[in-house]
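Novice: Got a structure here, written out as structure tokens. Questions coming.
Number of protein chains: 2
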Amino acid sequence: MLLFWRQGYAATSVAELTAAMGINPPSLYAAFGDKERLFLEAVESYQHKASQAAARLLAEAPTAKLAIERLLEAMAQHLTCPDHPSGCMVVTAAMNCSSDCSHLQHALAERRAAGTRRLRERIEQGIRDGELPAEVDAAGLASFYDTVMQGMTIQAKDGANREQLLATTRTAMRAWPSVDR
Amino acid sequence: MLLFWRQGYAATSVAELTAAMGINPPSLYAAFGDKERLFLEAVESYQHKASQAAARLLAEAPTAKLAIERLLEAMAQHLTCPDHPSGCMVVTAAMNCSSDCSHLQHALAERRAAGTRRLRERIEQGIRDGELPAEVDAAGLASFYDTVMQGMTIQAKDGANREQLLATTRTAMRAWPSVDR
DNA sequence: ACCATTCCGTACTGCCCGCTACAGAAATAG
DNA sequence: CTATTTCTGTAGCGGGCAGTACGGAATGGT
Chain G
-2 MLLFWRQGYA
8 ATSVAELTAA
18 MGINPPSLYA
28 AFGDKERLFL
38 EAVESYQHKA
48 SQAAARLLAE
58 APTAKLAIER
68 LLEAMAQHLT
78 CPDHPSGCMV
88 VTAAMNCSSD
98 CSHLQHALAE
108 RRAAGTRRLR
118 ERIEQGIRDG
128 ELPAEVDAAG
138 LASFYDTVMQ
148 GMTIQAKDGA
158 NREQLLATTR
168 TAMRAWPSVD
178 R
Chain D
-2 MLLFWRQGYA
8 ATSVAELTAA
18 MGINPPSLYA
28 AFGDKERLFL
38 EAVESYQHKA
48 SQAAARLLAE
58 APTAKLAIER
68 LLEAMAQHLT
78 CPDHPSGCMV
88 VTAAMNCSSD
98 CSHLQHALAE
108 RRAAGTRRLR
118 ERIEQGIRDG
128 ELPAEVDAAG
138 LASFYDTVMQ
148 GMTIQAKDGA
158 NREQLLATTR
168 TAMRAWPSVD
178 R
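In the order they appear, the protein sequences are chains G and D.
If you're matching positions, the first sequence starts at -2 in the working numbering and goes up one per residue.
If you're matching positions, the second sequence starts at -2 in the working numbering and goes up one per residue.
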């Protein structure tokens, strides 16, 4: 998972994977089928924790605004954690793929879309709770904060530190619709 | 350039390049040296137009806020133009690289950093012109709008249309510091 | 203790990669 | 019209890729 995370699907060879796992190619193929299924399992393992944590964050925050804010902050923390590669694996791992693995790109794009959907649902909840005017475009707002988080992945990969990402987070929260707008 | 743009450096083979150019490998190597230098020339050609247009936009806008707003709008237009691959080549083309081409990643990261610098300078100009309070963090604001643009590249690659990106642009402009803040 | 089965390490396959040697064609010069 | 030079197309180089055939070692049931 760490190799795929750091280098992406195509740039990571089976030889690197087997070396990192301390096994030989036949064991890898017996256990996972092929490189592609191993990749999908790695993504699944990555996202299981990440998306559970995000879901809890979104659910437990008292307001939609706080939910988004905490999610952005958690993302800033996650993207710059020194214990693993920087940036979000779901965003970067299948960015440069030739045409023969476009289904991997689509699989990850689908996961990103699912994340946006959860964001939108939390914002819609905020509208129902009266925190936001009914005419607020929940999908557009979710898309905006998703865009910011994906941009933060690029920034993190380019070496931005945590404080810089948190500053971006604070700036992004200024775009939250005010009650009188 | 279009191939590198769509697929990235590593995923584009010399065979594809020669086929697209209608030449044979020896001609390519005689003209460009190797695949890497061809890539750098393609990036240079890409960015020459793009960054000139951006510089003009930034310079000609009457205020810093309008400059950033028009830049974001132009970016939304560029990222979703149907005449070429979606997304920004400088952001995506060397995202997944193995360790042996990390210098290409750094070269593109440097170009991205140069873009952020131009943004910051325009904002600092706005501060000098009294459009913004002196205590505004120009670097942080530039970094924020750069983050949004880079996130828009991911969105465009995931199929977002122009109107969606323009909506994100409008939302991002709400984060612009107001005079009384 | 014996045997069947499962595991694993070596060594390999065919394939495509970036890149190039070389021969024949085209163009230019005398 | 020939000689020389420049270009270009074919065919192939070593090498690394994803994936596998197979023999021997470890395991476990009887």
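Positions of the beta carbon are idealized from the N, C-alpha and C atoms, including for glycine.
All figures in this text were calculated on a predicted structure; none of them were measured in a lab.
I65/D to Q152/G, Cα distance in whole Å?
Specialist: As a first step, residue 65/D must be located in the second sequence, where it is residue number 68. As a first step, residue 152/G must be located in the first sequence, where it is residue number 155. C-alpha separation (whole angstroms): 19 Å.
Novice: Pick out the complete alpha helix (DSSP H) segments inside the segment 13 to 52 of chain D, 4 residues or longer, and give them in chain order.
Specialist: Within the segment 13 to 52 of chain D, the complete alpha helix (DSSP H) runs of at least 4 residues are 22 to 29.
Novice: Please determine, among L14/D, V40/D, H75/D, the residue with the shortest C-alpha to C-alpha distance to A106/D.
Specialist: Position 109 of the second sequence holds residue 106/D. Among L14/D, V40/D, H75/D, the Cα nearest to that of A106/D belongs to V40/D.
Novice: Just to confirm the assignment, what range does the alpha helix (DSSP H) spanning V176/D have?
Specialist: By 1-based counting over the second sequence, the position of residue 176/D is 179. Here V176/D belongs to no alpha helix (DSSP H), and DSSP marks it neither H nor E.
Novice: Whose CA, out of F36/D, M149/D, Y142/D, lies closest to the CA of L101/D?
Specialist: In the second sequence, the residue the question calls residue 101/D occupies position 104. Answer by Cα proximity: F36/D.
Novice: Since I believe V88/G is in contact with Q147/G (beta carbons under 8 Å), could you give me their beta-carbon distance rounded to a whole number of angstroms?
Specialist: As a first step, residue 147/G is located in the first sequence; it is residue number 150 there, counting from the start. As a first step, residue 88/G is located in the first sequence; it is residue number 91 there, counting from the start. Confirmed, Cβ separation roughly 5 Å.
Novice: For T89/G, decide whether its Cβ has a neighbour in chain D, counting only Cβ atoms nearer than 8 Å.
Specialist: What you label residue 89/G is simply residue 92 of the first sequence in a count that begins at 1. Chain D contact via Cβ: present.
Novice: Apply the 10 Å Cβ neighbour rule to R125/G and answer buried if 16 or more other Cβ atoms are within range, or exposed otherwise.
Specialist: As a position in the first sequence, residue 125/G is number 128, starting the count at 1. Classification of R125/G: exposed, given that the 10 Å Cβ count is below 16.
Novice: Along chain D, in chain order, which residues have C-beta atoms closer than 8 Å to that of L138/G?
Specialist: Against the first sequence, residue 138/G aligns to sequence position 141. The answer, in chain order, is T168.
Novice: Measuring alpha carbon to alpha carbon, tell me which residue in T144/D, E70/D, A58/D, E33/D is nearest R119/D.
Specialist: Counting from one through the second sequence, the residue named residue 119/D turns up at place 122. The shortest Cα separation from R119/D among T144/D, E70/D, A58/D, E33/D belongs to A58/D.
Novice: Locate the alpha helix (DSSP H) running through M146/D, then write down its first and last residues.
Specialist: As a working mapping, residue 146/D is identified with position 149 in the second sequence. Residues 135 to 154.
Novice: What do you reckon, are the CB atoms on L76/G and L0/G nearer than 8 Å?
Specialist: Start at 1 with the first residue of the first sequence, and residue 76/G comes out as number 79. Start at 1 with the first residue of the first sequence, and residue 0/G comes out as number 3. No, these two residues do not count as a Cβ contact at 8 Å.
Novice: Could you work out which residues of chain D lie near D80/G, taking near to mean beta carbons separated by less than 9 Å?
Specialist: The sequence position of residue 80/G within the first sequence is 83, counting from 1. By Cβ distance, chain D contributes nothing, its closest Cβ being about 20 Å from D80/G, past 9 Å.
Novice: If you measure from the beta carbon of G5/G to each beta carbon in chain D, is any gap under 8 Å?
Specialist: Residue 5/G sits at position 8 when you count from the first residue of the first sequence. Closer than 8 Å to some Cβ of chain D, the Cβ of G5/G qualifies, so yes.
Novice: Using a Cβ-based criterion (distance less than 7 Å to any ligand heavy atom), does G137/G qualify as near the ligand MG?
Specialist: Only the bare structure without any ligand can be found here, which leaves the ligand MG out of the picture.
Novice: Looking only at its chain, what residues have a beta carbon closer than 6 Å to the beta carbon of R3/G, apart from the 5 residues adjacent to it on each side?
Specialist: As a position in the first sequence, residue 3/G is number 6, starting the count at 1. Cβ within range, chain order: P82.
Novice: Closest by CA to A12/G, which one among K32/G, A28/G, A27/G?
Specialist: Taking the first sequence and counting its residues from 1, the one referred to as residue 12/G is at position 15. Closest option to A12/G, Cα to Cα, is K32/G.
Novice: If contacts are defined as beta-carbon pairs under 8 Å, then A172/D and R171/G qualify, I think. What distance do you get, rounded to the angstrom?
Specialist: For the purposes of this step, residue 172/D is identified with residue 175 of the second sequence, where counting begins at 1. For the purposes of this step, residue 171/G is identified with residue 174 of the first sequence, where counting begins at 1. With 8 Å as the limit, A172/D and R171/G qualify as a contact, their Cβ atoms being about 4 Å apart.
Novice: Is H81/D helix, strand or coil when you go by DSSP?
Specialist: Sequence index remark: in the second sequence, residue 81/D carries index 84 (1-based). H81/D falls in the coil class under three-state DSSP.
Novice: If I measure Cβ to Cβ from E121/G and keep anything under 7 Å in the same chain, skipping five residues before and after, which residues do I get?
Specialist: Working through the first sequence from its first residue, we reach residue 121/G at position 124. A135.
Novice: Using a C-beta to C-beta distance shorter than 7 Å, which residues of chain D count as neighbours of R34/G?
Specialist: Taking the first residue of the first sequence as 1, we reach residue 34/G at position 37. Those do not exist, as R34/G stays about 19 Å from chain D at its closest Cβ, beyond 7 Å.
Novice: Can you tell me the Cα-Cα spacing of E38/D and L129/G, whole angstroms?
Specialist: Numbered from 1 along the second sequence, position 41 holds the residue referred to as residue 38/D. Numbered from 1 along the first sequence, position 132 holds the residue referred to as residue 129/G. Cα to Cα, the separation comes out at about 49 Å.
Novice: For T9/G, which of helix, strand or coil comes out of DSSP?
Specialist: Position 12 of the first sequence holds residue 9/G. Looking at T9/G - three-state DSSP - the assignment turns out to be coil, as it is neither helix nor strand.
Novice: Does V11/D have its Cβ less than 8 Å from a Cβ in chain G?
Specialist: In the second sequence, counting from the first residue as 1, residue 11/D sits at position 14. Chain G, which has no Cβ nearer than 8 Å to the Cβ of V11/D, makes this no.
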